[in-house]
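Protein chains: 2
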Amino acid sequence: MTDISRIRRPELKDKVMSADEAALLFKNKMIVGSSGFTKAGDSKVVLKALAARAKQEELKVTLITGASLGHGTDAALTEAGALSKRMPFQVDRVLRDHINKGDVLFQDQHLSETAELVHGYIGEIDMAVIEVTYIEEDGSIVPTTSVGNSVTFAKLAKKVILEINTAISPDIYGIHDIFLPENYPLRNSIPIISPDVRVGRKSIPLDPEKIAGIVFTSITDAPADIAAPDKKTIAIAEHLIHFFENEVKAGRLTDRLLPLQAGIGKVANAVLLGLGNGNFHDLTMYSEVLQDSTFDLFDTGKLRFASASSITVSAECYNRVFNNLEKYRDKMVLRPQNISNAAGIIRRLGIIAINTAIEFDIYGNVNSTHIAGTHIMNGIGGSGDFARNSYLSIFVTQAASKEDKISHLLPMVSHVDHNEHDVDVLVTDFGLADLRGLAPRERALVIINNCAHPDYREELLSYFNRACELRQGQTPHILEEAFSWHTRLRETGTMKPAAKAEAKAPKAEAEVCA
Amino acid sequence: MTDISRIRRPELKDKVMSADEAALLFKNKMIVGSSGFTKAGDSKVVLKALAARAKQEELKVTLITGASLGHGTDAALTEAGALSKRMPFQVDRVLRDHINKGDVLFQDQHLSETAELVHGYIGEIDMAVIEVTYIEEDGSIVPTTSVGNSVTFAKLAKKVILEINTAISPDIYGIHDIFLPENYPLRNSIPIISPDVRVGRKSIPLDPEKIAGIVFTSITDAPADIAAPDKKTIAIAEHLIHFFENEVKAGRLTDRLLPLQAGIGKVANAVLLGLGNGNFHDLTMYSEVLQDSTFDLFDTGKLRFASASSITVSAECYNRVFNNLEKYRDKMVLRPQNISNAAGIIRRLGIIAINTAIEFDIYGNVNSTHIAGTHIMNGIGGSGDFARNSYLSIFVTQAASKEDKISHLLPMVSHVDHNEHDVDVLVTDFGLADLRGLAPRERALVIINNCAHPDYREELLSYFNRACELRQGQTPHILEEAFSWHTRLRETGTMKPAAKAEAKAPKAEAEVCA
């Protein structure tokens, strides 16, 4: 596992130590920054060793990452009581439970903004833990499968522990584009004018004096759970591809589309796979994560270039990519997340952003993060970075789930991550609502008619019509009733009204007040 | 009024006509784009003539402007039934009533995005109405007191009616910086790296063939209503200036601060005036509107440069500025609103954004637009453009109003325009909450303790504590109760609980669950 040739700056060879020794470098109440973005390029052993130490003694840290970690690291840290605060994103079931109980504080951040926030007022980064492929002669470091916030951590942290992962071939050199906007907070422009432009260096600058320890590992990233497309995700993908085809016909898009961003998950995967079958070509991605579908699209020849901050793929795809780097090397680039998700670049490139909603409402507000308005799932991630500034902001979700007891289209969302101003298109397995140019009362009709599960359509129309009549307004609502579906689900196990309640409900009107 | 020397391209002199004649150029169902941004540089006569014509015959248009119009134009159009749809902003009482009744459709847009939206899917702009100072030899046009969306309208409209306003001196030439990003939607970067950088030309390019009519006017902009600072606004300003002073002490800001954006209204004016008395110097603004306080700050010597899209000032200040253009000319620039409010530039420059909230909640979500969740006031304007991408996103409002019967801090806002991810600092007359780096449960305590009106503090703490206990979660809420303050206000005329309800309410706990 130890491959000393990966340390190309000789005097650093003395810094090699075990993960347990590295864990001793942490102190209680430290602020720790670590690599790792959607399970890719995360610390494999040092944070786990920190967790083991925290089981023995009082050792709580604030942990800031790129995004989520793999290999159960967040669970291990949580169970050891090692986390006082966590940001900006997580997907771990154990950590999530503790966050929702209030045991661990979680700040849910736009992924582009974490680098902004650690420049100052979150407090100084005491220690960074960064997975790297190797260390260059000049002390700079070559990342592995993600860049995340590592450039910022390397710059700002007082001390740095490096994990050299020998499972990653040094051939990875060159796929990273390391650009750090200078002179924060008053900066120059970032000169990316198309997804394939490289604007930085190939390794992350790091003052060798700050390296406190070097630990060797040889552990691949935790694989992504890739679910095969099912009937619903295929339906969503078909609606969306049909929409793109119509946009091409209308002359608003070409058959190259525009640079694509796709959130994580099986819907996004299904959509990208669907694009592989459509009459599109020469596609590009400007996204935060490259998933299996990205490489499938490369293999079909439909995708020309992809830019992101990490590669998060299944075990099969991992081998396909990292054993054939020469095949993909010139087609992709990994950037820091404050560049992959930069507001100005997203608008400049005219991105088509496709992200997943937990629920959305009749006016097109989207909840991406909270169950029942209170319990967080993962976090907002990059969805806000992309949705706000994209050319087309698209949110997808199934219309209903759990034997249709839960409608994902509601009178009012219980938590707002993306409001009506930032949502252009909504898609469910039942249809697509194109909201561009529509006022709220128009949006409500299009959304209900096109996207609702049929079991809920009538009651949604009833709510809208009664709100128009009773309360009026730009955005008609009956506040006392706005969350009644959530309450009913909690009390009865379904959002569907009981037979009795149903009999009482006024019948839906075909005419509407808009 | 007619000053034919203002038409420097000879063959256009034949296009001069009366406003009534120009009004005949409109057809039913047209999409009309017009100049005007926060009452500055709007159409003074043609849209009014359109309203007069619409009283006589079926003539409904979609009207897209920069932002709000002055001189009761929106009211006249509304009363004449001339508006089918309006975007992206308005402040007119009559129009607002009709929007809230559902008679006029209103799309409330981020002001930076209207230019994006009219590139295609809102439909072609049939007619533009643009107020100008004069027409250049090459047919290009020199705007008056705002730029707004006029550059986009001049480019995209099929036909253009110009209002030459002789109340504006041709000396205004040079204060505009006209830059239109090319190749939409895939664009180059906008090379603005500080508020005082000029990147464009001084007049708006316009194909003379598109000019359908030229109308002369000599009417100054409707003056801004400037309220003198009162006890509450002075208190808010003092809290904020104290905060800035502490940021300077902490080394996170210099005494030059960072480029300032300030929303419209008396709080923003009070804050800017307060900065004139503080130990700050060499200040800059990168905002959307320049108000009286901007020019007062120029006069104190504290402000070095200001960039915006319009000048909207009182009658006194109007005369001070436009009769002394040589004094202010080199200190300011007016840009198109898709540049003044561009996401990438706002982040690049590290803006300090100060905007007004209608209400905010214990987790820091902000409602800028809707009363009781349903009735729109004005619109989101540029607040979202700035809040999302600024270095410091600050929202201000009074803690309570209407004899304290209304608390502006609530368990949950009835409409979300800016969510917790986009709000760094909240300020009321009672204090300031610095939310940077805080998780929702931490935010709740800081907000309640620092910003609540004392009459409501105990009940807010009670809600928070009961929500933590009953429902838990990252963002504890009791959905059935979340809007109970709004409901109580509607039913009883006050958000304060009745004596009986008060006796029932559990006492506030000092300890909290975070």
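Read top to bottom, the protein sequences are chains E and P. Residues 8 to 521 (the working numbering) are what the first sequence spells out, left to right. Residues 8 to 521 (the working numbering) are what the second sequence spells out, left to right. Virtual Cβ for every residue (Gly too), placed ideally from N, Cα, C.
- What residue does the beta strand (DSSP E) around Thr363 (chain P) start on, and which one ends it? Ile359 to Thr363
- When the cut-off is 7 Å and only beta carbons count, does Phe490 (chain E) lie next to chain P? Taking Cβ atoms only, chain P reaches closer than 7 Å to Phe490 (chain E), which makes this a yes.
- Item | Three-state class that DSSP yields for Asp27 (chain E) in the structure shown | helix
- Smallest Cα separation from Gly526 (chain P): which of P:Thr121, P:Asn372, P:Glu138 and P:Gly258? Within the shown structure, residues of chain P are numbered from 8 to 521, placing residue 526 (chain P) beyond reach of any answer.
- Message: Could you check whether the Cβ of Val2 (chain E) sits closer than 7 Å to any Cβ belonging to chain P?
- Response: No statement about residue 2 (chain E) is possible, as the shown extent of chain E runs from 8 to 521 and does not include it.
- Message: I'd like to know whether the C-beta of Gln522 (chain P) is nearer than 7 Å to at least one C-beta of chain E.
- Response: Nothing can be reported for residue 522 (chain P): it is not among the residues displayed for chain P, which extend from 8 to 521.
- Item | Within chain P, partners of Pro198 (chain E) - CB distance below 8 Å | Ser196
- Under 7 Å by beta carbon: chain E residues contacting Ser390 (chain P): Result: empty, since nearest Cβ-Cβ is about 10 Å, beyond 7 Å.
- Task: Would you kindly work out how many angstroms separate the C-alpha atoms of Pro230 (chain P) and Val98 (chain E), rounded to a whole number?
- Result: 53 Å
- Item | chain P contact for Glu516 (chain E) (CB, 7 Å cutoff) | Confidence at Glu516 (chain E) is low in this model, with a pLDDT of 39, below 50, so the placement of that residue is unreliable and no value is reported for it.
- Item | beta strand (DSSP E) runs contained entirely in the stretch 255-296 of chain E, provided each spans 3 or more residues | 267-269 and 290-293
- Between the CA atoms of Ile365 (chain P) and Val320 (chain P) - distance to the nearest angstrom: 23 Å
- Task: Compare the C-beta of Arg448 (chain P) against all C-beta atoms of chain E and say whether one is closer than 7 Å.
- Result: yes
- Alpha carbon to alpha carbon, what distance is there between Val434 (chain P) and Thr404 (chain P)? Cα to Cα, the separation comes out at about 7 Å.
- Query: Residues of chain E with a CB under 9 Å from the CB of His117 (chain P): which are they?
  - Reply: Annotation: Cβ neighbours of His117 (chain P) in chain E (cutoff 9 Å, chain order): Arg395, His428 and Asp429.
- Could you confirm whether any beta carbon from chain P is found closer than 7 Å to the beta carbon of His105 (chain E)? no
- Task: Go ahead and pull the three-state DSSP assignment for Glu65 (chain E).
- Result: Assignment of Glu65 (chain E) by DSSP, reduced to helix, strand and coil, places it in the coil class.
- Touching by the beta-carbon criterion (3+ pairs, under 8 Å), the stretch 346-356 of chain P and the stretch 190-201 of chain E: yes
- Query: Going by DSSP, what residues sit across from Arg93 (chain E) in a beta bridge?
  - Reply: E:Leu70 and E:Phe113
- Identify every residue that forms a DSSP beta bridge with Phe471 (chain E). For Phe471 (chain E), which the question treats as bridged, DSSP gives no partner whatsoever.
- Just confirm the distance between the C-beta atoms of Ile407 (chain P) and Asp462 (chain P), as a whole number of angstroms; I'd bet it's less than 8 Å. Here residue 407 (chain P) turns out to be Ala, not Ile, going by the sequence shown. Ala407 (chain P) to Asp462 (chain P), Cβ: 7 Å. Contact.
- For the ligand FMN, is there a heavy atom less than 6 Å away from the beta-carbon of Asn362 (chain P)? In the structure on display, the ligand FMN does not appear, and there are no ligands present to speak of.
- Could you confirm whether any beta carbon from chain E is found closer than 7 Å to the beta carbon of Pro483 (chain P)? yes
- Item | Inter-residue spacing [alpha-carbon to alpha-carbon] between Gly438 (chain E) and Lys238 (chain E) | Taking the straight line joining both Cα atoms gives about 13 Å.
- Using a Cβ cut-off of 7 Å (strictly closer), state whether Thr140 (chain E) contacts chain P. no
- Task: Could you tell me which chain E residues have their CB closer than 8 Å to the CB of Asp21 (chain P), listed as they occur along the chain?
- Result: Chain E residues near Asp21 (chain P): none, gap ~35 Å exceeds 8 Å.
- Query: Which residues of chain P have a Cβ atom closer than 9 Å to the Cβ of Ala451 (chain E), listed in chain order?
  - Reply: Per Cβ cutoff of 9 Å: no residues; Ala451 (chain E) is ~11 Å from chain P at best.
- Where Ile148 (chain P) falls: helix, strand or coil (DSSP): strand
- Query: Ile318 (chain P) by DSSP, collapsed to three states: which one?
  - Reply: strand
- Item | Close-in-space but distant-in-sequence residues of the same chain around Ala451 (chain E) (CB under 7 Å, 5 per side omitted) | Ile369, Tyr370 and Phe471
- Report yes or no: is there a C-beta of chain E within less than 7 Å of the C-beta of Lys108 (chain P)? Answer yes: the Cβ-Cβ gap between Lys108 (chain P) and chain E drops below 7 Å somewhere.
- Work out the CA separation of Thr72 (chain E) and Glu86 (chain E) for me, nearest whole Å. Their Cα atoms are separated by approximately 18 Å.
- Flag Ala512 (chain P) as yes if its beta-carbon sits less than 7 Å from any beta-carbon of chain E, otherwise no. Its pLDDT being 44, under 50, Ala512 (chain P) is placed unreliably in this model, and the coordinates cannot settle the point.
- Query: What first and last residue would you give for the beta strand (DSSP E) that runs through Ala135 (chain P)?
  - Reply: Ala135 (chain P) -> beta strand (DSSP E) spans Met134 to Ile142.
- Query: Could you give the C-beta distance for Gly88 (chain E) and Ala61 (chain E), rounded to a whole number, given that I count them as a contact under 8 Å?
  - Reply: 6 Å
- Task: Flag this pair as yes or no: are the beta carbons of Ala5 (chain E) and Val53 (chain E) separated by less than 7 Å?
- Result: In this structure chain E extends from 8 to 521, so residue 5 (chain E) is not present and cannot be described.
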